[in-house]
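Residue numbers (the working numbering), protein chains in the order written: chain C, 1 to 60; chain V, 1001 to 1222; chain E, 2001 to 2249; chain G, 3001 to 3207. Here is the structure we will look at, set down as structure tokens.
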Amino acid sequence: MGHFASFADFLQMGKHGLYVWLSYGIGLFVILYNILSVYWDRRQFFKQAKRRLKRESKSI
Amino acid sequence: MNFFLAALRRDLLLTFRRRNDIINPLAFFLMVGILFPLGVSPEASFLSQLAPGVIWVAALLASLLSVDGIFRSDFDDGSLEHMLVSPQPLLLLVLAKVTNHWLISGFCLALVSPILALMLFLPSEGIKPLIFSLLLGTPTLSLIGAIGAALTVGLRKGGILISLLVLPLYIPVLIFGASSVQAGSIGLPIQGYLALLAAMLALSLVLAPFAIVAALKISVRS
Amino acid sequence: MKIKFPRWFYRLASPRWFYDITSKLLPWFTIIAFLLIVIGTIWGLVFAPADYQQGNSFRIIYIHVPTAILAQSCYMLMAVAGAVGLIWKIKIAHIIAKSCAPIGASMAVLALVTGAIWGKPTWGAWWVWDARLTSMLVLFFLYVGVIALTSAYEHVASGDKAAAVLALVGVVNIPIIKYSVEWWNTLHQGATFKITEKPAMPPDMWIPLLIMIIGFYCFFAVILMSRARTEVLRRENRSDWVKSLVERY
Amino acid sequence: MLEIKNLFCERDERTLFEGLSFILNQSEVLQIEGQNGSGKTTLLRILCGLSDAFEGEVLWHGKNIEEDRENFYQALLYVGHLSGVKGTLTAEENLAWMSQLDPSLNQINIPEALEKVGLYGYEDIPCHTLSAGQQRRVGLARLYLSSAPLWILDEPFTALDKKGVAEKEVLIAQHVQAGGSIILTTHHNLSIPDKEVRCLNLDDALT
Chain C
1 MGHFASFADF LQMGKHGLYV WLSYGIGLFV ILYNILSVYW DRRQFFKQAK RRLKRESKSI
Chain V
1001 MNFFLAALRR DLLLTFRRRN DIINPLAFFL MVGILFPLGV SPEASFLSQL APGVIWVAAL
1061 LASLLSVDGI FRSDFDDGSL EHMLVSPQPL LLLVLAKVTN HWLISGFCLA LVSPILALML
1121 FLPSEGIKPL IFSLLLGTPT LSLIGAIGAA LTVGLRKGGI LISLLVLPLY IPVLIFGASS
1181 VQAGSIGLPI QGYLALLAAM LALSLVLAPF AIVAALKISV RS
Chain E
2001 MKIKFPRWFY RLASPRWFYD ITSKLLPWFT IIAFLLIVIG TIWGLVFAPA DYQQGNSFRI
2061 IYIHVPTAIL AQSCYMLMAV AGAVGLIWKI KIAHIIAKSC APIGASMAVL ALVTGAIWGK
2121 PTWGAWWVWD ARLTSMLVLF FLYVGVIALT SAYEHVASGD KAAAVLALVG VVNIPIIKYS
2181 VEWWNTLHQG ATFKITEKPA MPPDMWIPLL IMIIGFYCFF AVILMSRART EVLRRENRSD
2241 WVKSLVERY
Chain G
3001 MLEIKNLFCE RDERTLFEGL SFILNQSEVL QIEGQNGSGK TTLLRILCGL SDAFEGEVLW
3061 HGKNIEEDRE NFYQALLYVG HLSGVKGTLT AEENLAWMSQ LDPSLNQINI PEALEKVGLY
3121 GYEDIPCHTL SAGQQRRVGL ARLYLSSAPL WILDEPFTAL DKKGVAEKEV LIAQHVQAGG
3181 SIILTTHHNL SIPDKEVRCL NLDDALT
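Put into structure tokens, the structure is as follows:
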């Protein structure tokens, strides 16, 4: 498997497994956070806009 | 030029009528300097190593403390509107205000800095570099700080925000200012550092007034 | 300041046009970003050789460097967009500038955190006042300042302009900050070996890095466009096309 | 002289005015009317270049006021809600500074102007000891000093007594007679001697 002899080796990354996997984990977290924040932002806008449209159509 | 002097005269008059504006930054400067021996260690050899950085940080904070007031009262009482609808060049007006701020903060701080230097056991070779670096560095702080002040003058919680905006921009001045004192106190040449401080002053003198004017317009027109 | 632009330029300035064109572009960028990042990650984690000095901790480079580069270029983009918005009063430029800030800040955080994690096995400490890390930290604070200033203004247009002025001031300062921090760094500690400066990497090391960099740029484009799209909707919420969009949602 | 073209402005998601155009000629008084919150102050600020939250154009002698900034402000006297009077300065010092800012104010007449607004004997007292009405009158003293052709006055009569208002009306009449023009807002019923006041109602400007 590529550079590593076994899957266990791969997980261990020499002695640096903790650091490498921590970095990639946090990297994944930040990427997901960016994606999700876009999603939440968009959903929130549509919710508010819907409510607003309802309110305005009532008041007319 | 006449207008610049008239504006400066008015600002100085306003400051001298309210003496607190002059005393507060100085008292703050000395207080921060005194906190270090109390908080860290009163040992002379240790303090003398710390002194250049501590004095510069204290000066920087003292300058920052008063920078929020540059435009605040003029904004609140409508003077700033008068200035914007005046045919006089705003750049000169802004320069006068920054000069006034420098005179009451940076200039006075440079004058009293030897007191703090003595209390923190800064080697006597370091005192001259300290004064020179403060004289050259603090005008840049005033100019950059005025940008922050102009950007936040229309906001209610501007006072806290301004330090967030301005402090990162102060870093180069701090580095070169403190380094020059450090170098001077161990007998190394300091011309290079002072030249860099002067270069930064020149750059900010050319660019900052435009940013300040733009920011003031944004603040008043919002 | 009055420059006549060709017609397409003004169309570009129209929020609706932006919304339409990005909905066509987004899927492509998403696919490319996803593929490149997956390929780059696997290549970097599995197939790239370990560094002879740093061992496997070197693999952190494949996140650290792309995010660090992105954090810096994102600030440049934000400042340029802000300047365009200020000078030619183009709405979409302000929207893009505003959408840049949180992405850039998150990238700066990621670069800082991965840098710190990388520092532990390399230097034996989580934080070292390395010049790059320090200037990245300052960059992060610059982002925080821009975000805080934008949100402090109640009037959106003024907040945009204020943030643009601040971003421009920051952009003038970034090289000065970088240079001064580097200089300060060499002054205070002897030449330590730098995290990312490596003599001639073998292709197996730098090709995945290049892939990751491009992949992160595409990812950035995706997030930037999506954020800007929502911002466009929010600002145009009174126009008919947004209203009909909302009704169909 | 002052021409407004197709002005559009909205505030807090509410349209204040739309497609607003008018021309202010020489020797004309234009009173802006409208309910509270109809955008009177906003309009005046736009005309002075103190607000840019609008679309449309404001022209002074055919030139955009942004581009012809110096000429326009040379010709403008603006009295806003805020007096711009510094509490730590005396009335005389305040007016001296204002005339530095605005060269169309005649510095020599300051004592006379202070007397006319009823502040005789208060020249060298710091303004923070004056009442709010007196402070406002310090700002209004500029009207007696100004040779600017265009006056834009936002509620100039608040904090004035009947006599004061009548005097200001005479002053306005003189200004108009001399070829100047005025835009103002006021809740007061204007009666300018020998002059008809043009009115613009902002409530009607909304279609």
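Where is the CB? At the ideal position from N, CA and C, for every residue including glycine. Owing to the predicted nature of the structure, the values given are computational and were not obtained by experimental measurement.
Using the rule of at least 16 other Cβ atoms within 10 Å of the residue's Cβ for burial, across every protein chain shown, is residue i buried or exposed?
{"i": "P1268/V", "result": "Any question about residue 1268/V goes unanswered here, given that chain V covers just 1001 to 1222."}
{"i": "T3129/G", "result": "exposed"}
{"i": "I1023/V", "result": "exposed"}
{"i": "P1129/V", "result": "buried"}
{"i": "M1031/V", "result": "exposed"}
{"i": "L32/C", "result": "exposed"}
{"i": "F29/C", "result": "exposed"}
{"i": "L1005/V", "result": "exposed"}
{"i": "R2248/E", "result": "exposed"}
{"i": "A1051/V", "result": "buried"}
{"i": "E2236/E", "result": "buried"}
{"i": "N2173/E", "result": "buried"}
{"i": "M2107/E", "result": "buried"}
{"i": "W1056/V", "result": "buried"}
Using DSSP with H/G/I as helix, E/B as strand and the rest coil, what is residue i?
{"i": "G3056/G", "result": "strand"}
{"i": "R51/C", "result": "helix"}
{"i": "R1019/V", "result": "coil"}
{"i": "R2235/E", "result": "helix"}
{"i": "S3021/G", "result": "strand"}
{"i": "E2154/E", "result": "coil"}
{"i": "S2208/E", "result": "Correcting the residue type first, residue 2208/E is Pro in the shown sequence and not Ser. Looking at P2208/E - three-state DSSP - the assignment turns out to be helix."}
{"i": "C1993/E", "result": "With chain E covering 2001 to 2249 only, the question about residue 1993/E has no answer from this structure."}
{"i": "Y19/C", "result": "helix"}
{"i": "Y3078/G", "result": "strand"}
{"i": "L3016/G", "result": "strand"}
{"i": "N3036/G", "result": "coil"}
{"i": "P1123/V", "result": "coil"}
Give the interface partners of residue i over in chain E, defined as CB-CB distance under 9 Å, in chain order.
{"i": "K1157/V", "result": "A2152"}
{"i": "A3053/G", "result": "H2155, A2157, S2158"}
Return the chain-ordered list of same chain residues with a C-beta closer than 7 Å to the C-beta of residue i, the five sequence neighbours on each side being excluded.
{"i": "G2215/E", "result": "A2033, L2036, I2037, G2040"}
{"i": "D1068/V", "result": "A1149, G1158, G1159, I1162"}
{"i": "D3154/G", "result": "T3041, L3044, V3079, G3080, H3081, T3185"}
{"i": "L11/C", "result": "G17"}
Report the neighbours of residue i on chain V: residues whose CB is nearer than 7 Å to its CB, in chain order.
{"i": "M3001/G", "result": "Correct list: empty, because the minimum Cβ distance to chain V is about 17 Å."}
{"i": "S2057/E", "result": "What S2057/E touches in chain V: nothing, since even the nearest Cβ is about 29 Å away."}
{"i": "K2161/E", "result": "I1218"}
What are the partner residues of residue i, as DSSP defines its beta bridges?
{"i": "R3198/G", "result": "L3030/G"}
{"i": "E3146/G", "result": "Sequence inspection shows Ser at residue 3146/G; the Glu mentioned does not correspond to that position. Paired residues: L3105/G."}
{"i": "G2055/E", "result": "D2051/E"}
{"i": "W3151/G", "result": "L3077/G, I3182/G"}
{"i": "F3008/G", "result": "E3055/G"}
{"i": "E3003/G", "result": "I3023/G, L3059/G"}
{"i": "P3126/G", "result": "T3090/G"}
{"i": "I1024/V", "result": "The question names Ile, yet the displayed sequence has Asn at residue 1024/V. N1024/V is not bridged to any residue."}
Which residues in chain V sit within 9 Å of residue i, going by Cβ to Cβ distance?
{"i": "K3063/G", "result": "Chain V residues near K3063/G: none, gap ~14 Å exceeds 9 Å."}
{"i": "L3089/G", "result": "R1010, L1013, L1014, R1017"}
Given residue i, which residues of its chain have a CB within under 8 Å of its CB, disregarding the five upstream and five downstream residues?
{"i": "F1003/V", "result": "Q1088, P1089, L1092, L1093"}
{"i": "V2165/E", "result": "G2082, L2086"}
{"i": "L1109/V", "result": "P1025, L1026, F1029, A1059, A1062, S1063, L1134, T1138"}
{"i": "S1066/V", "result": "D1021, N1024, P1025, H1101, I1104, S1105"}
{"i": "N3025/G", "result": "M3001, S3181"}
{"i": "S2023/E", "result": "R2229"}
{"i": "L1008/V", "result": "A1096, T1099, N1100"}
{"i": "D3068/G", "result": "W3060, H3061"}
Just to confirm my understanding: we take residue i, look at its own chain, exclude 5 residues before and 5 after, and list those with CB closer than 6 Å. What are they?
{"i": "L3050/G", "result": "none"}
{"i": "V3085/G", "result": "N3094, C3127, Q3135, V3138, G3139"}
{"i": "D1074/V", "result": "L1080"}
In chain E, what lies closer than 7 Å to residue i by C-beta?
{"i": "R42/C", "result": "T2230"}
Since residue i meets chain G, which of its residues come closer than 7 Å, beta carbon to beta carbon?
{"i": "A2083/E", "result": "Here the premise fails: no neighbours, minimum Cβ distance about 17 Å."}
Using a cut-off of 9 Å between C-beta atoms, extract the partners of residue i located in chain G.
{"i": "M1083/V", "result": "G3084, L3101"}
{"i": "A1221/V", "result": "A quick correction: the sequence has Arg, not Ala, at residue 1221/V. Residues of chain G passing the Cβ test: R3045, G3049, L3050, S3051, D3052, A3053."}
Can you pull the chain C neighbours of residue i, defined as C-beta to C-beta under 7 Å?
{"i": "K2120/E", "result": "Y19"}
Run down chain E in chain order and give the residues with a C-beta less than 8 Å from the C-beta of residue i.
{"i": "A8/C", "result": "Those do not exist, as A8/C stays about 13 Å from chain E at its closest Cβ, beyond 8 Å."}
Could you work out which residues of chain V lie near residue i, taking near to mean beta carbons separated by less than 8 Å?
{"i": "Q3107/G", "result": "Simply none; closest approach about 11 Å."}
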